[in-house]
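Trainee:
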Amino acid sequence: MSQELATRYPLVLVPGMLGFVRLLLYPYWYGIVPALSQGGARVFAIQVSPLNSSEVRGEQLLAQIQQIMAQTGAARVNLIGHSQGSLTARYAAAKRPDWVASVTSVAGPNHGSELADYLQRRSPASSMRGRVLSLVLRAISALMTLLETGYRGAKLPVDIHASHHSLTTEGVALFNQQYPQGLPQTWGGQGPEQVNGVRYYSWSGTLQPGKTDRGANLFDGTNRSCRLFARTFVREAGQCDGMVGRYSSHLGQVIGDDYPLDHFDIINQSLGLVGKGADPVRLFVEHARRLKAAGV
Ligand code: CA
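Going from the sequence shown to the working numbering is simple: count from 1 and add 630.
1) May I ask you to check if the CB of residue 859 is nearer than 6 Å to at least one heavy atom of ligand 1?
2) Per DSSP, which residues does residue 675 bridge with? Please list them.
3) Based on the DSSP output, what are the partners of residue 794 in its beta bridges?
4) Using the C-alpha atoms, what's the distance from residue 890 back to residue 838?
5) Is residue 905 helix, strand or coil when you go by DSSP?
6) Using the beta-carbon count (16 or more within 10 Å), is residue 787 buried or exposed?
7) Give the DSSP bridge partners of residue 870, in chain order.
8) Would the beta-carbon of residue 904 be found less than 6 Å away from any heavy atom of ligand 1?
9) Go through its chain and collect everything with a Cβ distance to residue 745's Cβ below 6 Å, but skip five positions before and after it.
10) Just to confirm the assignment: which complete beta strand (DSSP E) runs, minimum length 3, are found wholly within the stretch 742-826?
11) Throw me the rounded Cβ distance for the residue 677 and residue 651 pair, which I believe falls under 8 Å.
12) Checking the sheet assignment: what are the DSSP bridge partners for residue 620?
13) Hey, out of 765, 739, 793, whose CA is closest to residue 870's CA?
14) Got a sec: does ligand 1 put a non-hydrogen atom nearer than 6 Å to the Cβ of residue 895?
15) Kindly identify the DSSP beta-bridge partner or partners of residue 653.
16) Below 8 Å on the Cβ atoms is my contact criterion, and I expect residue 641 with residue 915 to pass it. Report the Cβ-Cβ distance as a whole number of Å.
17) Ends of the alpha helix (DSSP H) at residue 688?
18) How should residue 632 be labelled, buried or exposed, when 16 other C-beta atoms within 10 angstroms of its C-beta is the threshold for buried?
19) For the beta strand (DSSP E) that residue 927 lies in, which residues bound it at each end?
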């Protein structure tokens with residue numbers, strides 16, 4: 631087996647809101663875990679509460695990091711988070727920088743999601759629309775728990791209000807005051823590459839008409855959803871992946887923020903259906919190579 635992606639510390643993949651490890655046999659990180667494993671990386675796709683605050687999810691992540699370190703004998707781990715998984719990983723690294731060698735944000739709402747802001751304005755928790763949305767999310771989450779085959783731990787708590795608040799611009803601003811590690815000083819800038827011995831990286835994509843809505847994405851309903859969601863963006867109108875804005879995703883060293891990938895393409899969803907010429911798996915492989923070269 632090739633060892634070109636054999637990073638010093640294991641890679642721990644942290645999913646976003648409504649995330650999972652495997653639904654029946656279907657993986658969240660579609661085609662990504664095998665691509666990394668084939669290069670010799672030790673990879674752990676983990677589960678945290680699909681609907682909860684980044685802090686609660688972060689505490690669950692810390693417990694799992696401890697298990698992975700015990701299991702592998704590794705002294706630290708590299709965290710790679712998609713979407714809210716980025717905030718979850720940032721929390722864990724802020725609390726235990728000695729356990730975390732790097733945090734990588736993949737389409738992470740590190741300054742909030744304008745889609746979450748829109749939903750808060752249009753469907754506040756107390757409104758009928760908000761109550762319906764909350765019921766639908768609870769039902770989806772319950773169904774996903776039934777279908778989950780990749781997670782064998784204790785039942786994970788659900789808090790829909792905390793989950794939503796954790797993703798709004800206002801909610802993330804509060805989070806950022808407490809856990810600012812890796813954030814850029816200026817809007818659209820890069821963050822420090824290292825804080826408390828933890829390396830910080832990010833990448834993200836944007837919707838690009840003629841690219842992201844072509845190719846195999848013509849057959850992917852999640853791309854249509856992203857195009858619809860993108861209409862709720864004001865500050866980063868035309869500069870988002872459907873759920874997260876280009877500059878909102880910045881953390882640490884910005885590897886790229888305008889890949890032609892929507893919010894689901896970036897983890898090779900659904901079923902590897904992505905836009906014309908896009909190759910999201912390659913970004914993970916290149917990143918593992920980058921981490922290995924950095925000695926982590
Ligand atoms: Ca897609």
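From the three backbone atoms N, C-alpha and C, an ideal C-beta is built for every residue, glycine too.
No experiment lies behind these values; they were computed from the predicted model shown.
Mentor: So, from the data block:
1) Numbered from 1 along the sequence shown, position 229 holds the residue referred to as residue 859. No.
2) In the sequence shown, residue 675 corresponds to position 45, counting from 1. According to DSSP, residue 675 bridges with 643.
3) Counting from 1 along the sequence shown, the entry for residue 794 is found at position 164. BP columns for residue 794 are empty, so no partner.
4) In the sequence shown, counting from the first residue as 1, residue 838 sits at position 208. In the sequence shown, counting from the first residue as 1, residue 890 sits at position 260. Using only the alpha carbons, I get a separation of about 6 Å.
5) Translated into positions along the sequence shown, residue 905 becomes position 275. Of the three classes helix, strand and coil, the one that applies to residue 905 here is coil, per DSSP.
6) Indexing the sequence shown from 1 puts residue 787 at position 157. Label assigned to residue 787: exposed.
7) Position 240 of the sequence shown, counting from 1, holds the residue named residue 870. Beta-bridge pairing links residue 870 to 875.
8) As a first step, residue 904 is located in the sequence shown; it is residue number 274 there, counting from the start. Yes, the Cβ of residue 904 comes within 6 Å of a heavy atom of ligand 1.
9) The residue labelled residue 745 in the question sits at position 115 within the sequence shown. Taken in chain order, the residues that qualify are 859, 862, 873.
10) none
11) Against the sequence shown, residue 677 aligns to sequence position 47. Against the sequence shown, residue 651 aligns to sequence position 21. The Cβ separation is near 5 Å, so the contact holds.
12) Absent from the structure is residue 620, since the part of the chain shown begins at 631 and ends at 926.
13) Here residue 870 is taken as the residue at index 240 of the sequence shown, counted from 1. Considering only alpha carbons, the answer is 739.
14) Counting from one through the sequence shown, the residue named residue 895 turns up at place 265. Yes, since a heavy atom of ligand 1 falls inside the 6 Å radius drawn around the Cβ of residue 895.
15) Sequence index remark: in the sequence shown, residue 653 carries index 23 (1-based). BP columns for residue 653 point to 656, 778.
16) Here residue 641 refers to the residue found at position 11 when the sequence shown is read from its first residue. Here residue 915 refers to the residue found at position 285 when the sequence shown is read from its first residue. Not really, about 11 Å apart at Cβ, beyond 8 Å.
17) Here residue 688 corresponds to residue number 58 of the sequence shown, with the count starting at 1. First-last of the alpha helix (DSSP H) with residue 688: 684-702.
18) Looking up residue 632 in the sequence shown gives position 2. So residue 632 ends up on the exposed side.
19) Outside the displayed span of the chain (631 to 926) sits residue 927, for which this structure offers no information.
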